[in-house]
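*Asks:* This is the structure, below, for whatever I ask next.
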Amino acid sequence: MNQHAPVRKSRLDRSFDRIRALEEAGALSSRVHNRSLRKFLSNPLASAGVIMFLIILLTAIFAPLIVPYDPLKIDLRALLQPPSAEHWLGTDKVGRDVFARILYGGRISIFIGLGSAVAAGVLGVAIGCISAYKRGWLDAVVLRVSEVFIAFPQIILVLLLVSILGQSLINLLLIFIATGWAPMYRMVRARVLSLREEEYVQALEAFGISTPVIAYKHILPNALGPVTVQITLSTAAFILAEAGLSFLGLGVPLQIPTWGNILNAANDMRILEQNWWIWLPVGLVISAFVLAVNFIGDGLRDSSDPTQQG
Amino acid sequence: MHKLTTYALSAALMLGTTPVWAQVANPLSDARVRQAIAYAIDMDTIAETLFRGLDIPADSMIPNGEWKVDGLNQYTYDPDKARALLDEAGWVPGSTIDMVYYYGDQDTVDFMTAIQAYLADVGIDMTMRKLEGDVTGELNVPPSEDFQTSGVTWDMAYGARAALALQEYFNVYSSDQTAYTPPTPEREDLIARINGSADPEVLKQAFYDFEEYENEMLSDIPLYYRQLQVYQSDRLDRHGADLGNENFIYDNNLINWTVEPNEDGEEVMYIGGAPEQFFEHRWLNPGGLTSQMLFDRLLTANGSLVTNGVQQAESYTLSEDGKSITFVLKEGLTWHDGEPFTVEDVVWSIETALKTPTMNSVFVSTFNAIEGADAYLNGDAEHVSGIVVDGRSLTLNLIRVDANVLTTFSQFPVMPKHLMADVNPLEFQQHPFWQNPIGTGPFRIEEIQMNDFTRFVPFEDYHGGTAKIDEVVAWPGGESDESIARNAAAGLLDFGSTRTLSNVEALREMDHITLTPVDINYTRSFRVNAFPFKPE
Amino acid sequence: MLTYILRRILLMIPMLLVVSFLIYLGLELTPGDAVSYMIPPDLGGQISPEQMEAIRESLGLNKSFIERYFIWLWGAVQGNFGYSLSGGVSISQIFLDRLPATLELSIAAILISTVLGTALGVITALKRGSATDITLTIGGMIGLSIPDFFFGLAALSFFALELGWLPVGGRLMPGYETFWDRLPHLILPATVLALSLTAGVMRYSRAAMLDALSQEFVRTARAKGLPEWRVNVLHGFRVALTPVIVLVGFRLPFLIGGSVVIEKVFQWPGVGNEFVSAVRSQDYPLVMMIALLSVLAVLIASLIIDILTAVVDPRVRL
């Protein structure tokens, strides 16, 4: 890169100095990263969160190896069986194995929660970087659009979009992404706006390095900490939102097993009173998973925020 | 998407060509495929397990009883026969059927899941989706004019028909109404027969023939009859009144009911069916206890909805040929606001009803049979010439026999002209009257808290005597609402009916509640798209 | 300050216009309309497509989308928010009916969660690192993680169905005159809603309190020899209150929509419940007004928060 730098010697010298400074900063930041990791792992709650998260995630992924039952296979001669050696968590109103449904349902629920949070994060970061770096009319327009999205209470916006797009798995993902990108975008934008005034960025500009490269390679990594925290917290929020929507009957179509759809059976007062195995375990699994994600998010926040001690 | 298809189709038709590119051959047009589906489903087991024994497997759209012919094929579960029939019809194993449904509850999804498993077993792949948005519209798209291509895009639709009159089950197949089965000359003839007589014996034979015809054709694959479960708390004493079809209006001795008095010595009865935003108008769906409390009818019917007496009318006479009916109204009847109830109200109601689109189809067919109804609707006449008024008597002259004319007048409530004269029939439900309706019935509205409760008290000037109960409190929520089980458990529900499995199961376990099943005209079926082609 | 407020209010107008137009556009894209819902599919008799068209025409649904939008807008500007399509009821009337219920629930929940949350937050901050702090913090995390309706259902099945201490749902009963009559109905939903909020308030006020206590003027106050409780309350707590006000202020408008699920669980006849049924029956004018109202509430709340922050925190100037 430095071959393309301006020719005059004194300037080149200064530029080299800046690059060295930059490298040092880079090396420093990677050390900070390691320190964050250590700090993260020394936080007992965060570690517990990671373990809980992995257990639930892996059992969902490897569901076929753990339960022999098909989560969709009905058995009309074995309705509402209480837990037994055969069916660990009993069967539901059509004789499907509840444990299998929780495991397989986890795949979809986690996919919705994590997938839409990550996608919203990527979208928010991409738009945030570009618009904050470019400024001008693009930034102004995107900022106004994000204001529109943020002005809605989330559940109102989600319900509105559900009624417009209709109920399906993909639509729910899109809706969560649509409602989730704006906060990430604003966070990244604010961060980039302050970073772009930093000296090292101005130095890179002086080298003639293209805007996207500066934005993504040099500014973005410094803005990622809060974004990661926000993504974990959004994951928790989206999983809860999926459960709530499914409870209202406005989430993923009812025939697809998701945690929320399994819990939907608790709408029936009788199931609520008499067949605890249908709603209680899945409710606890949702709570445990969200708790794990919250612990992780908290740990990440503490470890990525240098001003916070302990 | 659906709009696009319609545009594409109409564009193609305008060019005068057959729109071959927009349609596909429909294997369900072969009756053997429809029969195979009927054989492939073990409805007996589903009724016993999934539906907790509350439903009766159906062999026809027509309910069991004297109107049902003996010896219909029951299509008892026989997967081998189903496979053989499919084979014979050239079914390609693994081909897909697109099933739609419109109920949003878990029971429906469970049932659909079971059906999917049964069909997969005989080599039919079934996809399912819930209709959203314009449900009635999507179920009833008219076919192409040559009856070769259906307008509906689905293959099968799970749904129900709730009928006031048995004719309603089969009239939907007529060439001017059909949406899913191509008309045949035999069936057009049968439809004419079930509508063409007032003689029960003639009608009965026509229905028998129709049932046998449909038993082979399976335009609808009948699934099950769902009974209405009437619940009653032990606080309530109905003093020997019959239980009947609670979905409609029948003579239930309401004014003599009593409940155990509360600590203040007041007899307060709790029911459901209060409004959430507005009172439902009663020309589409006339039934329900609140409807009966507010509005009297000209005639009364028994629990099976057979006309058995008079209410607002003092007497009625049906002419020998069935083409003229005369009512003489009781004297001195008043609305709840004290205004007199007159023949003018009846005439106004019938004429307005003719122009109201959201009407019960039985009422529609009666009123359309009145002489001069056409001219009135076209705007050629200011009034319907077949309605003749003479003092307190009112005569309707019909241009054809209407088998259900008496049923109509035991269900159709007359509305107060003095309060509704300015109504736009197209926006009948939107009239402010439905915020606080007034009738001539045994109870009047005392207090409305929309979405919380409505209080009714006896109408002191009621012609049949003042009702004995001091007050009726109605909670919001229809017969499928889960609040039924909750309110009943809390002792805040004394009478009503429901068809929802979860409610029935919960009520069944309550010691203070008695549940009684009542046969109603309510058949769940698969409507099968049997046109030779369907739009892509 | 006055010009600042005026400017903020003026800025709301283009925002509301854009939002209303977008909602209108979105609803236009949905299949079906309110007329489709007027005929239940179970009732065999159908009405002909021509008759459906006639009703649409009568309700003004067949006009072009832009036309309908401007008709609506013109009405709204004149203070006529339109009529619900399904029942013809004026939307202002529906708000008058529903809003008190929702506000009652929201305010009760906010009150409980603010008092409880701030108290717990301050305690955990002052006893930082102690067993109490850790237990309460973890407890708060668990509170944040349980789906609120799941919690509501459990509470309902235990306190109302099992023990019969509290009513199963609803808000008004015949003969209710005062707030005290309604109180038993309010307890369960308000508590359930409050508990899910408390955890958030607690975390926030704990962090704010810790932050405040580390500020220089608190140290100065301490150095001046003020008693510990006066330092904590007068200096720490007062400053810590600001972010808590922000949080609580932001919660209030969100509760109009945020309590949708809880309103459903407890059959609370509020705006949230109305919104769900309006969405289901595609009652555009009603959906539109509820969504707009909630957006307006968010905008107004953020303005009030800014003003209040300036009043409470001496460091902030508008």
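Protein chains in written order, with the numbering used here: chain X, 1 to 310; chain H, 1001 to 1536; chain P, 2001 to 2318.
Ideal Cβ positions, reconstructed from N, Cα and C, are used throughout, including at glycine.
Counting only C-beta atoms, is residue 2276 of chain P closer than 8 Å to chain X at any point?
*Replies:* So yes, residue 2276 of chain P belongs to the interface.
*Asks:* When you check each C-beta in the region 255-273 of chain X against every C-beta of chain H, which residues fall closer than 7 Å?
*Replies:* Residues passing the 7 Å Cβ filter: 255, 264, 265, 267, 268, 269 and 270.
*Asks:* Classify residue 1426 of chain H as buried or exposed, calling it buried when 16 or more other Cβ atoms lie within 10 Å of its own Cβ.
*Replies:* Counting Cβ neighbours within 10 Å, residue 1426 of chain H comes out buried, since at least 16 surround it.
*Asks:* Can you list the residues of chain H that residue 166 of chain X reaches, using a CB-CB cut of under 7 Å?
*Replies:* By Cβ distance, chain H contributes 1132.
*Asks:* Buried or exposed: where does residue 1192 of chain H fall if 16 or more other Cβ atoms within 10 Å of its Cβ makes it buried?
*Replies:* So residue 1192 of chain H ends up on the exposed side.
*Asks:* Using a Cβ cut-off of 8 Å (strictly closer), state whether residue 1530 of chain H contacts chain P.
*Replies:* With 8 Å as the cut-off, residue 1530 of chain H does not count as an interface residue toward chain P.
*Asks:* In or out: residue 38 of chain X buried (at least 16 other Cβ within 10 Å) or exposed?
*Replies:* By the neighbour-count rule (16 or more Cβ atoms within 10 Å), residue 38 of chain X is not buried but exposed.
*Asks:* So, helix, strand or coil for residue 1062 of chain H, using DSSP?
*Replies:* Correct three-state label for residue 1062 of chain H: coil.
*Asks:* Indicate whether at least one CB of chain P lies closer than 8 Å to the CB of residue 1474 of chain H.
*Replies:* By this cut-off, residue 1474 of chain H is not an interface position.
*Asks:* Hey, how far is the Cα of residue 1441 of chain H from the Cα of residue 2151 of chain P?
*Replies:* If you take the alpha carbons of residue 1441 of chain H and residue 2151 of chain P, they lie about 45 Å apart.
*Asks:* In terms of residues, what are the limits of the beta strand (DSSP E) holding residue 313 of chain X?
*Replies:* Look at the range of chain X in this structure, 1 to 310, and you will see that residue 313 of chain X is not part of it.
*Asks:* Go through its chain and collect everything with a Cβ distance to residue 1309 of chain H's Cβ below 8 Å, but skip five positions before and after it.
*Replies:* If we look at residue 1309 of chain H and ignore the five residues flanking it on each side, its Cβ neighbours are 1251, 1299 and 1300.
*Asks:* What's the C-alpha gap between residue 2092 of chain P and residue 2080 of chain P?
*Replies:* The alpha-carbon atoms of residue 2092 of chain P and residue 2080 of chain P are separated by roughly 8 Å.
*Asks:* Roughly how many whole angstroms lie between the Cα atoms of residue 1126 of chain H and residue 1103 of chain H?
*Replies:* Their Cα atoms are separated by approximately 18 Å.
*Asks:* Beta-carbon within less than 7 Å of residue 2065 of chain P's beta-carbon, same chain only, minus the 5 sequence neighbours each way: which residues are those?
*Replies:* Cβ neighbours of residue 2065 of chain P beyond the five flanking positions: 2028.
*Asks:* Measure how close the beta-carbons of residue 107 of chain X and residue 164 of chain X come, nearest whole angstrom, since I'm counting them as under 8 Å.
*Replies:* Going by Cβ atoms, the distance from residue 107 of chain X to residue 164 of chain X rounds to 27 Å, so no, they are not a contact pair.
*Asks:* Can you find a C-beta in chain H that's less than 8 Å from the C-beta of residue 2039 of chain P?
*Replies:* Interface residue, yes.
*Asks:* State buried or exposed for residue 202 of chain X, treating a residue as buried only when at least 16 other CB atoms are found within 10 Å of its CB.
*Replies:* Looking at its Cβ environment, which holds fewer than 16 other Cβ atoms inside 10 Å, residue 202 of chain X is exposed.
*Asks:* Let's test the definition: count the other Cβ atoms within 10 Å of the Cβ of residue 1253 of chain H and tell me whether it reaches 16, buried, or not, exposed.
*Replies:* Flag for residue 1253 of chain H reads exposed.
*Asks:* Does the structure place the region 1321-1338 of chain H close enough to the region 1431-1449 of chain H that three or more beta carbon pairs sit under 8 Å?
*Replies:* They touch, by the three-pair rule.
*Asks:* What does the Cβ neighbour count give for residue 1006 of chain H, buried or exposed, with the cut at 16 atoms within 10 Å?
*Replies:* Residue placement at residue 1006 of chain H is poorly supported in this model, since its pLDDT is 43, which falls under 50; the coordinates still yield a value, given next. Label assigned to residue 1006 of chain H: exposed.
*Asks:* Name the residues in the region 1107-1135 of chain H whose C-beta lies less than 9 Å from a C-beta of chain X; which are they?
*Replies:* Within the region 1107-1135 of chain H, the qualifying residues are 1107, 1108, 1109, 1110, 1111, 1112, 1113, 1114, 1116, 1117, 1128, 1129, 1130, 1132 and 1133.
*Asks:* Any chance the region 1177-1194 of chain H sits against the region 2004-2022 of chain P, with 3 or more Cβ pairs inside 8 Å?
*Replies:* Taking 8 Å as the limit for Cβ pairs, the verdict is that the region 2004-2022 of chain P does not touch the region 1177-1194 of chain H.
*Asks:* Taking the alpha-carbon positions, what's the residue 1143 of chain H to residue 1152 of chain H distance?
*Replies:* Roughly 7 Å between the two C-alpha positions.
*Asks:* Applying a beta-carbon distance threshold of less than 9 Å, which residues of chain H neighbour residue 107 of chain X?
*Replies:* Ordered by position in chain H, no residue passes the 9 Å Cβ test against residue 107 of chain X, which lies about 19 Å from the chain.
*Asks:* What runs of the alpha helix (DSSP H), each 4 residues or longer, lie entirely inside the region 201-263 of chain X?
*Replies:* 220-247 and 259-263, all fully within the region 201-263 of chain X.
*Asks:* Measure the Cβ-Cβ separation of residue 1531 of chain H and residue 1220 of chain H and say whether it is below 8 Å.
*Replies:* Not closer than 8 Å, so no.
*Asks:* Would you please verify whether the beta carbon of residue 2135 of chain P is less than 8 Å from any beta carbon of chain X?
*Replies:* Taking Cβ atoms only, chain X never reaches closer than 8 Å to residue 2135 of chain P, which makes this a no.
*Asks:* For residue 1471 of chain H, list the residues DSSP reports as bridge partners.
*Replies:* The partner list for residue 1471 of chain H (beta bridge, DSSP) reads H:1268.
*Asks:* Are any of the Cβ atoms in chain P nearer than 8 Å to that of residue 319 of chain X?
*Replies:* No answer is possible for residue 319 of chain X: the residues shown for chain X start at 1 and end at 310.
*Asks:* Helix, strand or coil, according to DSSP, for residue 1397 of chain H in the structure here?
*Replies:* Residue state, collapsed to three classes: strand.
*Asks:* Could you tell me whether the Cβ atoms of residue 119 of chain X and residue 146 of chain X are closer together than 8 Å?
*Replies:* No, the Cβ-Cβ distance between residue 119 of chain X and residue 146 of chain X is not below 8 Å.
*Asks:* When the distance is taken between beta carbons, is residue 1114 of chain H closer than 8 Å to residue 94 of chain X?
*Replies:* The answer is yes: Cβ separation under 8 Å.
*Asks:* Rounded to whole angstroms, what is the Cα-Cα separation between residue 1239 of chain H and residue 1049 of chain H?
*Replies:* Taking the straight line joining both Cα atoms gives about 36 Å.
*Asks:* Give a yes or no on whether the minimum CB-CB distance between residue 1157 of chain H and chain X is below 8 Å.
*Replies:* It does not; no Cβ of chain X falls within 8 Å.
*Asks:* Could you pull out every unbroken beta strand (DSSP E) segment of at least 3 residues lying fully inside the region 1308-1352 of chain H, listed in chain order?
*Replies:* Here the runs fully enclosed are 1313-1318 and 1324-1329.
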